[in-house]
Amino acid sequence: MAGGSAAPSAAPTVSLPELRSLLAAGQARLIDVRSREEAAAGTIPGALNIPVSELESALQMEPAAFQALYAAEKPKLQEENLIFFCQMGKRGLQATQLARGLGYAGARNFAGAYREWSQKEG
1 MAGGSAAPSA APTVSLPELR SLLAAGQARL IDVRSREEAA AGTIPGALNI PVSELESALQ
61 MEPAAFQALY AAEKPKLQEE NLIFFCQMGK RGLQATQLAR GLGYAGARNF AGAYREWSQK
121 EG
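Here the UniProt record's numbering is used: the first residue of the sequence shown is 1, the next is one more, and so on.
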C-alpha cells in the first residue's frame, strides 16, 4: 500500500501464518496489550505484557526505566515487526495506532488476536 491515503482507522496487520514464520525466524517482537489477569491465564510464548492502558507511557520511557519495569528491552523505533495483540483484536488495533503515532513505523496488529492463536495453537 503506497502513499498516505489509508483511513486513520486502518493499521497494518499480520496473519497467523505470517506471525508463525516471523516467530520461528526470531524476527517478531510481540506485545500482549491485555490486562495482567488475561495474560497470566495464557499468552503467546515470548510476548511481553503491557496493558493498553499503560502502553503510551511505556513507549515513551527511557530504555533503562522500561527495562527496570518490564524486565525486557524497550522496543526500538526502527523495530520492523513490533506486533501487538489482545483477546479479540480491538485493543491490539488501538495499540498499533498508538505506537505508530509515536513513531514505531513497524507496529502491526495481529488481527486474529489471542483467540485465534489459542484455537489454532492450543
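Beta carbons are placed, not taken as given, at the ideal position from N, Cα and C, and that holds for glycine.
Quick caveat, the model's predicted, so the values are computed rather than measured.
Asked, Found
"Anyone know if the C-beta pair for Pro51 and Arg29 falls short of 8 Å?", "no"
"What span of residues does the alpha helix (DSSP H) with Arg91 cover, start to end?", "90-101"
"The beta strand (DSSP E) that contains Ala107, what's its start and end?", "107-110"
"Counting pairs of Cβ atoms below 8 Å between the segment 81-89 and the segment 102-116, do you hit three or more?", "yes"
"At which residues does the alpha helix (DSSP H) containing Leu82 begin and terminate?", "First-last for Leu82: 82-85, but that is the beta strand (DSSP E), not the alpha helix (DSSP H)."
"Hey, how far is the Cα of Ala14 from the Cα of Gln119?", "The question names Ala, yet the displayed sequence has Val at residue 14. Looking at the two C-alpha atoms, the distance is approximately 17 Å."
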